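*Asks:* Going by this note's numbering, the letters in the sequence shown line up with residues 5 to 333, in that order. We put the beta carbon where it would ideally sit given N, CA and C, even for glycine. Since we're looking at a predicted model, the values are computed, not measured. Got a structure for you, questions after.
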Amino acid sequence: TDRFPLPTAPNRAGEYAVLLTGDAGTGDEAQHAVAAAAREVCRAEGVGLAVGLGDNIYENGPESADDSEFRTKFEDPNSGLDMPWLMVLGNHDCSGLIPGSGGDPSRGDREVAYAQASRRWYMPSRYYNVALPARPGDGSDPVVEFFAIDTNPVSSYVAQLDPRYYWNGPYMREQRAWLDGALKASRARWKIVLGHHPYLNNGKHGSAGSYDGFVIGNYTSGIHLKELYEEVVCGRADLILSGHDHTLQILEPTARTRGTRQIVCGAAGKAGDGKAHFRHPATWQNFSDHGFMILKVSGGAMTVEAYTVDVTTRTARLAHRMRTTSQAG
Numbered sequence: 005t006d007r008f009p010l011p012t013a014p015n016r017a018g019e020y021a022v023l024l025t026g027d028a029g030t031g032d033e034a035q036h037a038v039a040a041a042a043r044e045v046c047r048a049e050g051v052g053l054a055v056g057l058g059d060n061i062y063e064n065g066p067e068s069a070d071d072s073e074f075r076t077k078f079e080d081p082n083s084g085l086d087m088p089w090l091m092v093l094g095n096h097d098c099s100g101l102i103p104g105s106g107g108d109p110s111r112g113d114r115e116v117a118y119a120q121a122s123r124r125w126y127m128p129s130r131y132y133n134v135a136l137p138a139r140p141g142d143g144s145d146p147v148v149e150f151f152a153i154d155t156n157p158v159s160s161y162v163a164q165l166d167p168r169y170y171w172n173g174p175y176m177r178e179q180r181a182w183l184d185g186a187l188k189a190s191r192a193r194w195k196i197v198l199g200h201h202p203y204l205n206n207g208k209h210g211s212a213g214s215y216d217g218f219v220i221g222n223y224t225s226g227i228h229l230k231e232l233y234e235e236v237v238c239g240r241a242d243l244i245l246s247g248h249d250h251t252l253q254i255l256e257p258t259a260r261t262r263g264t265r266q267i268v269c270g271a272a273g274k275a276g277d278g279k280a281h282f283r284h285p286a287t288w289q290n291f292s293d294h295g296f297m298i299l300k301v302s303g304g305a306m307t308v309e310a311y312t313v314d315v316t317t318r319t320a321r322l323a324h325r326m327r328t329t330s331q332a333g
C-alpha cells in the first residue's frame, strides 16, 4: 500500500500539528460530522498527523483483518484526512461476545494486521512509539515522541481469553518493560503517552483504580493500569492522552501526577451525559458535545486546542486553547 508518510519536519508555522480523536468508530452521522468539521480545521492549521485513541471499531472490534467495518467506520468517514493515523486499541476493539469487554486480544491483532492494507491506519504492533524530528535527517533530538500503549489487559471487564494477556501475564510484563525503557531512552522535548483508558477522568467511567464503580483490588477497576501510569508514566511524560469517556477534558497537572497532564478526548463518535461525575482539577472540560482536539508542538511550546462540533451543521467551534511553554532542562 502507498501509505501516507509520517511527517519528517515541522509545518510552515514551525510546529507539528496533530489531530486528536477518540471513540470514533460508530460509522454513523456524528462520526462523519466530526470528521468533516475536522477536515476544515486540519486544512487551515497545517495538520500532518492524526491520532485515534481507541474504540476504533464499535461495538466488538473487527471480525477479520479485511472486515468491511474498517471501510465504513474508519476509511469512509476520514476520507480527505489524508495523513497517517496513530491508532490505539480500545476495549471495544478487543471484545468478543460482550461489547466493550476488552477481553478478546485476537481482535486487536486484526487491527494491527489491517495497518498493512491501509494508507491511513498506522499500528505496527499493539504498542509502539513514533518520534518526530526537529529537522529532517540531521540526528537532532525529536520535538515530540508518542508512546501508544495497549491498556486493555489491565482494565478489561472480563478475564482475557488468552492467558498470555492476563493483567499479570507475560504480555503486560513485556509492555511495561518496553514503555519504561522507551520513556527512559527518549530524547524528545515532549513525551506523550497514548492510552485508551485514562489515568484521571471526571466523566462517568471514573479514573484508573475505580473504573465504573468497581472496587479497588479487583482488576476490572483498572488498579493495575493506575499502577502502570503512576510507576512508569507520571513525572516522565508531559501528557497522557486518552479516550474511553465520550467527553472532552483538559485536566490540570497535580502533585499526584508529578507534573504530567491528563487529557481525555473521546467525543468523536458519541457524546457524554452532560455532567461532571468527579472533581479532578480541570483547565477546561465539556461533557455534552461531540468534538476533537488539535495538538501543536514546537521546541519551545505545546498548545492544545479543543473544538466542539455541531453535528447538524458539521461545523467546529474553537472552545478552548491551552498553551504550555517549554522549561529549559
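State the DSSP-derived secondary structure class of HIS250, mapped to helix, strand or coil.
*Replies:* coil
*Asks:* In angstroms, rounded to a whole number, what distance separates the CA positions of GLU19 and THR155?
*Replies:* 29 Å
*Asks:* State the beta-bridge partners of LYS195 as determined by DSSP.
*Replies:* GLU149
*Asks:* May I ask you to list the residues that DSSP assigns as paired with LEU204?
*Replies:* Note: LEU204 sits in no beta bridge, so no partner.
*Asks:* Please say whether ALA310 and LEU351 have beta carbons closer to each other than 7 Å?
*Replies:* Because the chain spans 5 through 333 in this model, residue 351 falls outside it and cannot be assessed.
*Asks:* Is there a Cβ of chain C sitting closer than 7 Å to that of ALA192, yes or no?
*Replies:* Checking the listed chains, one finds no chain C in this structure; it contains a single protein chain.
*Asks:* For LEU299, which beta-bridge partners are listed by DSSP?
*Replies:* VAL22, VAL308
*Asks:* Determine contact between the segment 171-185 and the segment 116-128, defined as no fewer than three beta-carbon pairs at a distance below 8 Å.
*Replies:* Taking one beta carbon from each stretch, the segment 171-185 and the segment 116-128 have fewer than 3 pairs nearer than 8 Å; the two do not touch.
*Asks:* Compute the distance between the beta-carbons of MET361 and PHE8, then report whether it is under 7 Å.
*Replies:* As shown, the chain starts at 5 and ends at 333. That puts residue 361 outside it, with no answer to give.
*Asks:* Let me know if ASP242 comes out buried or exposed under the rule of 16 or more other beta-carbons within 10 Å of its beta-carbon.
*Replies:* buried
*Asks:* Strictly by DSSP, which residues pair up with ASN60?
*Replies:* Under the DSSP definition of a beta bridge, ASN60 lacks any partner.
*Asks:* Can you give the Cα-Cα distance for ALA41 and PRO167, rounded to whole angstroms?
*Replies:* 42 Å
*Asks:* Going by DSSP, which residues form a beta bridge with ARG7?
*Replies:* Per DSSP, none; premise fails for ARG7.
*Asks:* Checking the sheet assignment: what are the DSSP bridge partners for HIS96?
*Replies:* According to DSSP, HIS96 bridges with nothing at all.
*Asks:* Could you name the residues of the same chain whose beta carbon sits closer than 6 Å to that of PRO137, not counting the 5 residues immediately before and after it, in chain order?
*Replies:* PRO146
*Asks:* Return helix, strand or coil for ARG2, following the three-state DSSP convention.
*Replies:* The shown model of the chain, from 5 to 333, leaves out residue 2, and the question about it has no answer.
*Asks:* Please report the straight-line C-alpha distance between TYR169 and THR317, rounded to a whole angstrom.
*Replies:* Roughly 43 Å separates the two Cα atoms.
*Asks:* Taking 6 Å as the limit between beta carbons, can you name the residues of its chain near GLY333, skipping five residues before and five after?
*Replies:* In this predicted model, GLY333 has a pLDDT of only 39, less than 50, meaning its place in the structure is not dependable; the value taken from the coordinates is given anyway. Once the five neighbours on either side are set aside, GLY333 has no close Cβ partner at all.
*Asks:* GLY190 to ARG111, Cα distance in whole Å?
*Replies:* The sequence given here has Ser at residue 190, not Gly. Taking the straight line from one Cα to the other gives about 30 Å.
*Asks:* Taking 7 Å as the limit between beta carbons, can you name the residues of its chain near VAL315, skipping five residues before and five after?
*Replies:* Same-chain partners within the cutoff: GLU33, ALA34, ALA37, HIS294.
*Asks:* In angstroms with no decimal places, state the Cα-to-Cα distance between ALA181 and LEU232.
*Replies:* 10 Å
*Asks:* Just mark LEU322 as buried or exposed, buried being the case when its beta carbon has 16 or more other beta carbons within 10 Å.
*Replies:* Exposed is the call here.
*Asks:* Closer than 8 Å is the cut-off here; do at least three beta carbon pairs connect the segment 23-30 with the segment 285-301?
*Replies:* A contact exists between the segment 23-30 and the segment 285-301.
*Asks:* Where DSSP assigns a beta bridge to LEU229, which residues make up the other side?
*Replies:* According to DSSP, LEU229 bridges with nothing at all.
*Asks:* Using the C-alpha atoms, what's the distance from LYS274 back to THR224?
*Replies:* 23 Å
*Asks:* Just how far apart, CA to CA, sit PRO140 and PRO14?
*Replies:* 9 Å
*Asks:* Looking only at its chain, what residues have a beta carbon closer than 8 Å to the beta carbon of GLY65, apart from the 5 residues adjacent to it on each side?
*Replies:* For GLY65, where only same-chain residues beyond five positions count, the Cβ hits under 8 Å are HIS96, ASP97, CYS98, SER99, ASP108, ARG111, GLY112, ARG114, GLU115.
*Asks:* What's the gap between the Cα of ASP249 and the Cα of GLN289?
*Replies:* GLN289 has its alpha-carbon roughly 12 Å from the corresponding atom of ASP249.
*Asks:* Between GLY94 and the rest of its own chain, which residues show a CB-CB distance below 6 Å, the 5 nearest in sequence each way excluded?
*Replies:* GLY58, ASP59, HIS200
*Asks:* Give me the residue from TRP125, PHE291, ILE196, LYS188 with the minimum Cα distance to VAL308.
*Replies:* ILE196
*Asks:* Going by DSSP, what residue range makes up the beta strand (DSSP E) through PRO137?
*Replies:* 132-137
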